[in-house]
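J.: Just so we're aligned, residue 584 is where the sequence shown starts under the working numbering, counting upward by one.
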Amino acid sequence: MAKMKGVQLFRDEVGNVAQLHGIGVLCVGSTWYAYGERKNEGRLFQGVACYSTNDFVHWRAHGDALAMDAGKGFLGAGRVVERPRVLCCPSSGRYVMYLHVEGGDDYSFAHIGFALSDSPTGPFELFETVQFHGNESRDIGVFQDDDGTGYLLSEDRQHGTHVYRLSPDYLSIVEDVVCLKGTDYWAGYESPVMLKSNGLYYWFGSELTGWDCNDNRYATASDLHGPWSRWRPFAPLGTRTFDSQCDAIVPIDSRCDAGGGVDDKTESSDMQRFLYIGDRWSPDDLGGSPLVTLPIEIGDGHARLQWHDEWDNGL
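(1) Three or more C-beta pairs closer than 8 Å, one from the region 652-661 and one from the region 686-698: is that the case here?
(2) Excluding the 5 residues preceding and the 5 following His604 in the sequence, name in chain order all residues of the same chain whose CB lies nearer than 7 Å to its CB.
(3) Roughly how many whole angstroms lie between the Cα atoms of Asp595 and Ile606?
(4) With contact counted as at least three CB pairs below 8 Å, one residue from each stretch, are the region 760-778 and the region 736-748 in contact?
(5) So what does DSSP say about Pro703, is it helix, strand or coil?
(6) Taking DSSP as the reference, what is the three-state secondary structure of Arg677?
(7) Less than 6 Å between C-beta atoms, sequence neighbours within five positions excluded: which residues of the same chain meet that for Asp638?
(8) Use the C-beta contact count for Arg813: other C-beta atoms within 10 angstroms, 16 or more gives buried, fewer gives exposed.
(9) What are the complete alpha helix (DSSP H) segments, minimum 4 residues, inside the region 760-829?
(10) What does the Cβ neighbour count give for Asp647, buried or exposed, with the cut at 16 atoms within 10 Å?
(11) Cα-Cα, which of Lys588, Tyr772 and Ser805 is closest to Tyr785?
(12) Between Pro673 and chain C, is any beta-carbon pair separated by less than 8 Å?
(13) For Val761 versus Leu807, is the C-beta spacing smaller than 8 Å?
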């Protein structure tokens, strides 16, 4: 079993801080690949780093999956490129990376970037940036359904947060499935995360509070088109999601009552345990910003995140 802390810095095999800010996670076989924003030199684009792990404790560095462009393109210095997310397309076997891409550093371009590779470690090549039907796109997330259909979640400040259905090759958007704002909240949710458990969709997100944290929320539905439930917190109110912003929720093939160092029991055997990973942004040291890594219990339409100083993830 792999022992984790409630908040920590992931480090690679030689002890360097893993640059996994705005982390996206992809499982390939028994290996997880993680992608993150390099933040060693501040908030502007420095490349998308790639690491792999089998237990979320020991990490191997693979360099940049998406490198910075020495020219003046969207991947050049002075740009904003955030939230790397990768899916493997079932029909082609190729890997597609999705990004929040800005033309400069003022967040006015607000496009979705598509990059492509034959390997999960890259190199990825950016080939297009889009705004579907002219909608702005900032924070993004991805989701692959049981039938292999791919979806892209995209926060659009004007309308809310969209769930877009991808084409069979994952290289374009073909449908705006649903667009939601929060319950009693003026906007959609950024840093969107989606998963499916026992036939029910769970959608997680964070309110718009900049580098500061808030009580993140989730909603559920049996169909992506809706109806969706009210948005509600999954961590104790006032903890600001234990001072974090949700980034990834990863199934770790362990039930909440199967030991693994998590003693809190749920009332239903249908609750399953996932790994929650959230950014705890440190604006004055973005490259050294730690991650909150906690077990989250999900099932029966409920999600519950509780604090543990240390816990075994069962891997």
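Every residue, glycine too, gets a C-beta built ideally from N, C-alpha and C.
T.: Reading it off the structure:
(1) yes
(2) Gly619, Glu620, Lys622, Asp862, Leu869 and Ser872
(3) 15 Å
(4) yes
(5) coil
(6) coil
(7) Ala585 and Leu898
(8) exposed
(9) 823-826
(10) buried
(11) Ser805
(12) In the structure shown, chain C cannot be found, because there is only a single protein chain.
(13) yes
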